[in-house]
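Residue numbers (our numbering): 1 to 126.
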C-alpha cells in the first residue's frame, strides 16, 4: 500500500491501494504501448488472488525482458510498490522485487483484473 494523492483517477487509486508486498510475479507481457503482468498476492492463511495488471500507454524503465524472465523463473516477490504522478504527465508505478530488480512503469491508465487463486500457484524460490 502506498501513500498517494486523493486526486488520482479511480483506476490509479485502485492500483495504489493494492497490497502487493510479497506478491509473486507469475508472468509478464509487453506489446506496443501496453505492459501487463500477473501477480499472485496473499498467502495460505488469507488465501491467494491473481491480479492481472495492464498499464496502457506504458514505458518500462530500468529492466529488460531477460531480467523480467529471470524474475518469473526465480519466483521473485514484490518488496516495495509505490504509485506516483509522473513529472511529464501520467503516472509511475515504482516496484522493487526482492530479487534486486527495480522497475518503473510509466503509464496513462491501468486495468486491473482480480480472481481467486489456488495455493499451489505459489512457487518456491529456486
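We treat Cβ as the ideally placed atom computed from N, Cα and C, and that holds for glycine.
- Around the C-beta of residue 76, 16 or more other C-beta atoms lie within 10 Å, and the residue is accordingly described as buried.
- Separation of the CB atoms of residue 105 and residue 93 is rounded to 5 Å, and the pair is thereby assigned contact status at 8 Å.
- As far as DSSP is concerned, residue 72 takes part in no beta bridge.
- Linking residue 118 to residue 40 through their CA atoms gives a straight-line distance of about 10 Å.
- Comparing alpha-carbon positions, the option among 68, 26 and 36 lying closest to residue 100 turns out to be 68.
- In the three-state reduction of the DSSP assignment, residue 123 falls in the coil class.
- The three-state reading of DSSP puts residue 86 in coil, since its state is none of H, G, I, E or B.
- Excluding residues up to 5 positions away in sequence, 37 and 68 lie with their Cβ nearer than 6 Å to the Cβ of residue 28 in the same chain.
- From the listed residues 11, 44, 107 and 9, the smallest Cα separation to residue 34 is found for 107.
- Per DSSP, the continuous alpha helix (DSSP H) segment holding residue 17 begins and ends at 10-17.
- With contacts defined as CB atoms closer than 8 Å, residue 110 and residue 11 qualify as a contacting pair.
- The Cβ atoms of residue 98 and residue 48 do not sit closer than 8 Å to each other.
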